[in-house]
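Structure first, commentary second.
In our numbering, the protein residues as written are 201 to 273.
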């Protein structure tokens, strides 16, 4: 059994990386986080870097994310 197959699941992105991948502003990423449409890997506290797990990003895209707007809009 290889652990290499589970490595992509461990990937987490910064706000900058998510904004680049979705081609939206960093401010829009922060709104998605505030609205609960994106989850963070660690609790958001001063001094703790924000990391968005790949799983959360995939879930957002699977729910119809388009141009900074979640699937409900």
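Cβ atoms here follow ideal geometry from the backbone N, Cα and C, with glycine treated the same way.
Where does the unbroken alpha helix (DSSP H) through residue i begin, and where does it stop?
i, result
"residue 226", "226-234"
Measure the alpha-carbon distance for residue i versus residue j and round it to whole angstroms.
i, j, result
"residue 278", "residue 214", "The structure shown does not extend to residue 278, since the chain is modelled only from 201 to 273, so the question has no answer here."
"residue 222", "residue 256", "13 Å"
"residue 220", "residue 247", "23 Å"
"residue 235", "residue 260", "12 Å"
"residue 262", "residue 241", "19 Å"
"residue 258", "residue 264", "10 Å"
"residue 227", "residue 250", "14 Å"
Report the partner residues of residue i according to the DSSP bridge assignment.
i, result
"residue 212", "253"
Identify which residue in the options has its Cα closest to the Cα of residue i.
i, options, result
"residue 239", "229, 246 and 225", "229"
"residue 212", "252, 224 and 262", "252"
"residue 217", "264, 263, 262 and 254", "254"
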